[in-house]
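Numbering (my numbering), first residue to last: 14 to 184. We put the beta carbon where it would ideally sit given N, CA and C, even for glycine.
In structure tokens:
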């Protein structure tokens, strides 16, 4: 069994930690503004971060570790969510993260940023549609969900692009 390097383990732990953080945010804060007059359930930023961290965990810890982390995240999502949100959270997490993973894998060869952008677009849409339908029976928060998760993806990609540029400049 290959054990991921410390950076891979840290990324996996951060990824899995977004699950209880998102569920706690939704439970304790309800809806929050995300910009342009839109609102979304408060876990939106943590879910957006999860999409990015899943891709980074894949790079640093490997495919098997990420699949295991998705399973752990799904279980945590179910047991740590408010009972009314537990099934919606677990189903949305499992399906959206698996779809994100399925898009990311074939695009890895085209570059990290392209793979992350495409897979996160699929993941954030799938998570938003599933979670909102199952948790609230409504798509009223859909524009806010998409916007909030997109903010996290864009922010993460900007940071990664800057880090890459800096790394190439100092190399």
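- Here residue 52 carries a strand assignment [DSSP, helix/strand/coil].
- Going by DSSP, residue 153 is part of no alpha helix (DSSP H) at all; its letter is neither H nor E.
- Between residue 22 and residue 159, the alpha-carbon positions lie close to 29 Å from each other.
- Each residue's CA atom was taken as its position, placing residue 20 and residue 82 some 15 Å apart.
- Using a 10 angstroms sphere on the CB of residue 152, the tally of other CB atoms stays under 16, which defines it as exposed.
- In the same chain as residue 120, and ignoring 5 residues on each side of it, the C-beta atoms closer than 8 Å to its own belong to 127, 128, 131, 132, in chain order.
- Residue range 76-93 is occupied by the alpha helix (DSSP H) that includes residue 86.
- The three-state reading of DSSP puts residue 46 in strand, counting E and B together.
- Boundaries of the alpha helix (DSSP H) around residue 99: 96-120.
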